[in-house]
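Numbering (the working numbering), first residue to last: 30 to 293. Yeah, the Cβ is synthetic: ideal placement off N, Cα and C, and Gly gets one too. As structure tokens, the structure follows; a few thoughts come after it.
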């Protein structure tokens with residue numbers, strides 16, 4: 030729903046225009062005016078007027094055949110500038126590209142945005158399944174290895190305030206209890222990396238490590254992900270064979286990004 034202006038420091042017209050742009054990023058490729066009105070809580074005439082204005086400004090475009098609206102490539106320079114200027118993206122891009130090529134898996138970096146994580150970039154190795162993750166996409170914190178690393182920098186009280194219980198179940202393997210999540214995050218702090226197996230999507234697993242800045246705070250996380258078959262096989266201690274070597278890879282990658290951000 031659209032957020033209404035509530036004080037003299039906000040502008041309702043700007044808020045409405047932004048809500049229209051966000052509606053066009055709701056998951057469907059193209060929308061009707063009535064769809065935008067429903068998603069934003071605006072009247073159809075207001076939504077139509079805003080879409081027309083945004084079309085003139087090259088922020089949205091209308092299909093000449095269907096007359097459905099979609100985001101325009103005019104938004105791309107703004108988005109590209111935002112991500113390319115982000116310090117974590119600048120520090121991580123080459124590290125992740127090399128990590129994906131070396132391991133053959135998918136490599137991501139993400140930051141926390143409120144109660145979700147946001148991916149800044151993603152690279153796919155030869156053994157990684159097709160990924161639909163893109164810069165700007167969001168994912169749950171509690172159901173991903175990369176999200177658990179981001180949560181590891183918060184206290185239990187802060188985490189409970191941020192995420193309501195029960196935590197949302199994405200598969201039968203998702204951690205849905207804060208008490209269990211506390212135990213998992215304690216393990217992350219001990220080992221230096223997080224493990225996630227089929228918590229968000231069946232058949233997929235990930236390893237992740239936190240990224241710290243010059244102050245020592247967790248500001249991002251790096252992850253390797255791929256099919257559970259690639260991450261399977263066990264050593265004498267019952268730990269998947271691939272996990273030990275890949276955990277070192279992801280920790281070293283996170284350390285390289287941390288050092289670029291000034292961590293010691």
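Can you tell me whether residue 293 is buried or exposed? The criterion is at least 16 other CB atoms within 10 Å of its CB, across all chains shown. One-based indexing of the chain shown puts residue 293 at position 264. With fewer than 16 Cβ atoms within 10 Å of its Cβ, residue 293 is classed as exposed.
Classify residue 195 as helix, strand or coil using the three-state DSSP reduction. By 1-based counting over the chain shown, the position of residue 195 is 166. If DSSP states are grouped into helix, strand and coil, residue 195 belongs with coil.
With the cut-off set at 9 Å, would you say residue 272 and residue 224 are in Cβ contact? One-based indexing of the chain shown puts residue 272 at position 243. One-based indexing of the chain shown puts residue 224 at position 195. Yes, the Cβ-Cβ distance between residue 272 and residue 224 is below 9 Å.
Just reading off the beta strand (DSSP E) that residue 140 is part of, what are its end residues? Position 111 of the chain shown, counted from the start, is the residue given in the question as residue 140. It spans 135-142 - the beta strand (DSSP E) in which residue 140 sits, taken as one unbroken run.
Starting from the N-terminal side, write out each stretch of the beta strand (DSSP E) that is 3 residues or longer and does not extend beyond the region 63-114. The beta strand (DSSP E) runs lying completely inside the region 63-114 and spanning 3 residues or more are 89-91, 98-100, given in chain order.
If you draw a straight line from the C-alpha of residue 45 to the C-alpha of residue 55, how long is it? In the chain shown, the residue the question calls residue 45 occupies position 16. In the chain shown, the residue the question calls residue 55 occupies position 26. Near 15 Å, if we compare the C-alpha coordinates of residue 55 and residue 45.
Close beta carbons around residue 141, own chain, < 6 Å, minus the five adjacent residues each side: Within the chain shown, residue 141 is the residue found at index 112, counting from 1. The answer, listed in chain order, is 179.
Grab the span of the alpha helix (DSSP H) containing residue 44 for me, first residue to last. Mapped onto the chain shown, residue 44 falls at position 15. Element bounds for residue 44: 41-52.
Compute the distance between the beta-carbons of residue 174 and residue 250, then report whether it is under 9 Å. As a first step, residue 174 must be located in the chain shown, where it is residue number 145. As a first step, residue 250 must be located in the chain shown, where it is residue number 221. Yes, Cβ-Cβ distance for residue 174 and residue 250 is below 9 Å.
Contact defined as beta carbons within less than 8 Å: I believe residue 204 pairs with residue 187. What is the distance between those atoms, to the nearest angstrom? Within the chain shown, residue 204 is the residue found at index 175, counting from 1. Within the chain shown, residue 187 is the residue found at index 158, counting from 1. 17 Å between Cβ atoms; not a contact.
Which one or two residues does DSSP pair with residue 147 in a beta bridge? What you label residue 147 is simply residue 118 of the chain shown in a count that begins at 1. Paired residue(s): 140, 167.
What residue range is occupied by the uninterrupted beta strand (DSSP E) comprising residue 253? Residue numbering aside, residue 253 sits at position 224 when the chain shown is read from its first letter. First-last of the beta strand (DSSP E) with residue 253: 247-256.
Report all residues from its chain with a CB closer than 7 Å to the CB of residue 181; omit the five preceding and five following residues, and keep chain order. Residue 181 sits at position 152 when you count from the first residue of the chain shown. Answer for residue 181: 214, 217, 218, 239, 247, listed in chain order.
What do you get for residue 265, buried or exposed, if any count of 16 or more other CB atoms within 10 angstroms of its CB means buried? By 1-based counting over the chain shown, the position of residue 265 is 236. Per-residue confidence for residue 265 stands at a pLDDT of 45, beneath the threshold of 50, marking its modelled position as unreliable; the derived number appears in the next sentence. Flag for residue 265 reads exposed.
Tell me whether residue 240 sits in a helix, a strand or coil according to DSSP, three-state version. The sequence position of residue 240 within the chain shown is 211, counting from 1. Strand, per DSSP.
Per-residue DSSP class, three states only, for residue 214: Against the chain shown, residue 214 aligns to sequence position 185. In the structure shown, residue 214 sits in a helix (DSSP, three-state: H, G or I).
Best match in 79, 146, 201 for proximity to residue 49 [C-alpha to C-alpha]: Stepping through the chain shown from its first residue, residue 49 is reached at position 20. It is 79 whose Cα lies nearest to the Cα of residue 49.
Please name the residue, chosen from 93, 86, 85, 47, that lies closest to residue 71 on a Cα-to-Cα basis. Counting from one through the chain shown, the residue named residue 71 turns up at place 42. Looking at the Cα atoms, 47 is the closest of the given residues.
Is it buried or exposed, residue 153, if we count other Cβ atoms within 10 angstroms and call 16 or more buried? Residue 153 sits at position 124 when you count from the first residue of the chain shown. Buried: at least 16 other Cβ atoms inside 10 Å.
Looking only at its own chain, which residues have a Cβ that is under 8 Å from the Cβ of residue 95, when we skip the five neighbours before and after it? Your numbering for residue 95 matches position 66 in the chain shown. Contacts found: 59.
Just to confirm, are residue 242 and residue 176 a CB contact at a threshold of 9 Å? The residue labelled residue 242 in the question sits at position 213 within the chain shown. The residue labelled residue 176 in the question sits at position 147 within the chain shown. Residue 242 is not a Cβ neighbour of residue 176, given a cutoff of 9 Å.
What residues in its chain sit with their C-beta under 7 Å from that of residue 31, if we drop five residues either side in the sequence? The residue labelled residue 31 in the question sits at position 2 within the chain shown. Unreliable placement is indicated for residue 31, whose pLDDT of 41 sits below 50; the coordinate value is still reported in the next sentence. Apart from sequence neighbours up to five positions away, the residues of its chain that approach residue 31 with a beta-carbon distance below 7 Å are 44, 45, 48, 69, 70, 71, ordered along the chain.
Can the beta-carbon of residue 255 be found closer than 9 Å to that of residue 156? One-based indexing of the chain shown puts residue 255 at position 226. One-based indexing of the chain shown puts residue 156 at position 127. Yes, these two residues count as a Cβ contact at 9 Å.
Extent of the continuous beta strand (DSSP E) run through residue 224: Here residue 224 corresponds to residue number 195 of the chain shown, with the count starting at 1. Its beta strand (DSSP E) spans residues 223-226.
CA-to-CA distance, residue 226 to residue 234, given in whole angstroms: Residue 234 sits at position 205 when you count from the first residue of the chain shown. Residue 226 sits at position 197 when you count from the first residue of the chain shown. When rounded, the distance between both Cα atoms is 4 Å.
Would you kindly check if the distance between the Cβ of residue 289 and the Cβ of residue 120 is under 9 Å? If you number the chain shown from 1, residue 120 lands on position 91. If you number the chain shown from 1, residue 289 lands on position 260. Yes, they are a contact pair.
Between the CA atoms of residue 88 and residue 63 - distance to the nearest angstrom: Working through the chain shown from its first residue, we reach residue 63 at position 34. Working through the chain shown from its first residue, we reach residue 88 at position 59. Cα to Cα, the separation comes out at about 19 Å.
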